[in-house]
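**Student:** If you're matching positions, the sequence shown starts at 0 in numbering that gives the first Met the number 0 and goes up one per residue.
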Amino acid sequence: MITFPQRKIKKNYRSVTGHFPSIKNGKSVAYESKLEKTFFLTLEFDDNVISYQEQPQISIDFQKRIKTYSADCYVRYDKAANIDDSLVEVKYTQELEKKKEYFEEKFASIRQACDDLNLDFQIFTEQNYPQVYIDNLDFLYRYKTHGREKRYDNQILSFNFTDATTASKIANTLTNDPKELIIAANAIWGLVAAGKLTTDLHNTKVSMYSIIEPAL
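1. Taking buried to mean at least 16 other C-beta atoms within 10 Å of its own C-beta, is T92 buried or exposed?
2. Give me the DSSP bridge partner(s) of R75.
3. Inspect the beta-carbon positions of Y30 and L42 and report whether they are closer than 8 Å.
4. Let me know the secondary structure DSSP gives L86 once reduced to three states.
5. Taking only the alpha-carbon atoms, compute the straight-line gap between K168 and I59 and give it to the nearest angstrom.
6. Would you call the region 134–146 and the region 192–200 in contact, with 3 or more CB pairs under 8 Å?
7. Tell me which same chain residues have a C-beta within less than 8 Å of the C-beta of L196, skipping the five on either side of it?
8. Can you have a look at S27 and say buried or exposed, based on whether 16 or more other CB atoms are within 10 angstroms of its CB?
9. Any chance you could list the beta strand (DSSP E) runs of at least 3 consecutive residues sitting entirely within the region 133–166, in chain order?
10. Taking the alpha helix (DSSP H) that V28 belongs to, which residues open and close that run?
11. If we count the other Cβ atoms within 10 Å of its Cβ and call it buried at 16 or more, is N175 buried or exposed?
12. Could you give the residue range of the alpha helix (DSSP H) that holds K66?
13. Does the Cβ-Cβ distance between K78 and V48 come in under 8 Å?
14. Beta carbon of K178, beta carbon of T124: below 8 Å?
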């Protein structure tokens with residue numbers, strides 16, 4: 000059985016704590032490290048994720064005792080994606096390497112308990128995604144959480160895209176007015192954030208020179 004006790008954020012000089020404004024959950028989610036916040040950010044851009052919740056607890060058989068294990072996140076997936084819901088441990092690789100044998104034994108116990116509950120178990124580290132991808136998601140997420148003018152959306156979506164259509168080309172085709180260019184640019188990034196347009200997020204930092212394509 001999974002339980003969800005109210006998370007108590009422990010503040011100390013070594014960690015970054017706070018609340019992440021989750022669109023998928025319709026509320027803020029507490030985090031205890033910068034890496035946890037990063038993980039939540041990636042979930043917001045995963046179309047297979049329905050919702051997620053911090054600090055789920057299950058019982059595990061570890062070191063010959065039944066103990067309560069608190070994961071960092073419980074992720075619910077769309078049934079159509081055929082992906083098992085998951086418990087996720089968020090850890091920096093340095094911490095995992097420092098206590099490698101301990102974590103290997105503990106994670107084996109967690110996986111066994113997850114199997115019994117028909118859950119997957121995942122480990123998220125800073126190596127899961129390139130930093131440029133995280134930076135791009137961080138840039139785009141503001142377009143999910145903040146309102147914007149949408150009067151250019153239809154024109155952008157019906158644009159005659161080619162292999163070399165940049166964000167700048169789209170905006171400058173729509174208007175030459177400096178103030179309107181800002182609105183047009185915000186519309187482009189808002190549509191990328193919404194998944195209606197795409198661009199390379201994994202290899203280069205997004206800019207007005209990024210190639211923009213319609214989403215499939």
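Built from N, CA and C at the ideal position, the CB exists for glycine as well.
**Tutor:** This is what the structure gives:
1. exposed
2. S50
3. no
4. strand
5. Those two C-alpha atoms are separated by around 56 Å.
6. yes
7. I155, L156, I187, L190, I211, E212, P213 and A214
8. exposed
9. none
10. Element bounds for V28: not the alpha helix (DSSP H) but the beta strand (DSSP E), K26 to Y30.
11. exposed
12. From DSSP, K66 is part of no alpha helix (DSSP H) but of the beta strand (DSSP E) over R64 to S69.
13. In this structure, V48 does not lie closer than 8 Å to K78 by Cβ.
14. no
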